[in-house]
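Undergrad:
Numbering (the working numbering), first residue to last: 933 to 1134.
#1: Report the residue from 1018, 1062, 1116, 1060 whose alpha carbon sits nearest the alpha carbon of residue 998.
#2: Could you give the uninterrupted runs of the alpha helix (DSSP H) lying entirely in the segment 955–1022, keeping only those of 4 residues or more?
#3: When burial is assigned at 16 or more other CB atoms within 10 Å of the CB, is residue 1025 buried or exposed?
#4: Are three or more beta carbon pairs between the segment 981–999 and the segment 960–971 nearer than 8 angstroms?
#5: Can you give the beta carbon distance from residue 1109 to residue 1097, rounded, assuming they're within the 8 angstroms contact cut?
#6: Are there three or more Cβ pairs, one per stretch, closer than 8 angstroms when the segment 1031–1046 is compared with the segment 1005–1023?
#7: For the alpha helix (DSSP H) that contains residue 1105, what are its first and last residues?
#8: Rounded to the nearest angstrom, what separates residue 1041 and residue 1054 at their Cα positions?
#9: Report all residues from its chain with a CB closer than 7 angstroms to the CB of residue 1047; omit the five preceding and five following residues, and keep chain order.
#10: Where does residue 956 land, buried or exposed, given buried means 16+ other C-beta within 10 angstroms?
#11: Taking the alpha-carbon of residue 1107 as reference, which of 1130, 1119, 1045, 978 has the nearest alpha-carbon?
#12: Decide if residue 1133 is buried, meaning its Cβ has at least 16 other Cβ atoms within 10 Å, or exposed.
#13: Just to confirm my understanding: we take residue 954, look at its own chain, exclude 5 residues before and 5 after, and list those with CB closer than 7 angstroms. What are they?
#14: So residue 1013 packs on residue 961, CB below 8 angstroms; how close in whole Å?
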């Protein structure tokens, strides 16, 4: 919901940093992989109960996720880079709730399962529409320049990042936050399906 508003604010800084990294010989896929490693580190830290470390690593993961695209724009965007970016993002979004479930199964397993199910529904609507949009030659840059058609919704990257950071700061509130955000994601998925049906039925 907030991605389209946030992008104009952060893109200029990301683009400057991306150009600096590109000039230093750093490639976008390297940035993607480093960011992914930080995300996996965040999951391990959370599962072990080191929530503050998890918070920091989540933040660095998301910074890297913005920087890889900026480096690609400063050099050359590739299908491989776009594929790795979206795939590893989805893995990251899955392992953080799983980490909380592993950290305290009795309290967190069920809300984590509900949250992951909502992510699955939201992601399916998102990716399925992207495939159909590619077939029809549709494009948009409302959420910045992406490797695929980005169909907006109530629950997007900005909201999910804020959720994960809040969960790491307030781990005892994980069940409440997970249930609440799962509800938002299910509504977002439903809205994306309706938008997709309307767009593809033309």
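The beta carbon of each residue, even a glycine, is placed where N, CA and C say it ideally should be.
TA: The short version:
#1: Here residue 998 corresponds to residue number 66 of the chain shown, with the count starting at 1. The candidate whose alpha carbon is nearest that of residue 998 is 1018.
#2: 960–979, 983–1006
#3: By 1-based counting over the chain shown, the position of residue 1025 is 93. By the neighbour-count rule (16 or more Cβ atoms within 10 Å), residue 1025 is buried.
#4: yes
#5: Within the chain shown, residue 1109 is the residue found at index 177, counting from 1. Within the chain shown, residue 1097 is the residue found at index 165, counting from 1. Not quite, the Cβ-Cβ distance comes to about 11 angstroms (not below 8 angstroms), so this is no contact.
#6: no
#7: Translated into the one-based positions of the chain shown, residue 1105 becomes position 173. Per DSSP, residue 1105 belongs to no alpha helix (DSSP H) and is neither H nor E.
#8: Stepping through the chain shown from its first residue, residue 1041 is reached at position 109. Stepping through the chain shown from its first residue, residue 1054 is reached at position 122. Cα to Cα, residue 1041 sits roughly 20 angstroms from residue 1054.
#9: Taking the chain shown and counting its residues from 1, one reaches residue 1047 at position 115. Within the same chain, residue 1047 has close Cβ partners 1029, 1110, 1113, 1114.
#10: What you label residue 956 is simply residue 24 of the chain shown in a count that begins at 1. Burial call: exposed.
#11: Within the chain shown, residue 1107 is the residue found at index 175, counting from 1. Of the candidates 1130, 1119, 1045, 978, the one whose C-alpha sits nearest the C-alpha of residue 1107 is 1045.
#12: Indexing the chain shown from 1 puts residue 1133 at position 201. Label assigned to residue 1133: exposed.
#13: Indexing the chain shown from 1 puts residue 954 at position 22. In its chain, beyond the 5 residues on either side, 1003, 1006, 1007 have a beta carbon closer than 7 angstroms to the beta carbon of residue 954.
#14: The count along the chain shown starts at 1 and reaches residue 1013 at position 81. The count along the chain shown starts at 1 and reaches residue 961 at position 29. Yes, residue 1013 and residue 961 are in contact; Cβ-Cβ is about 5 angstroms, under 8 angstroms.
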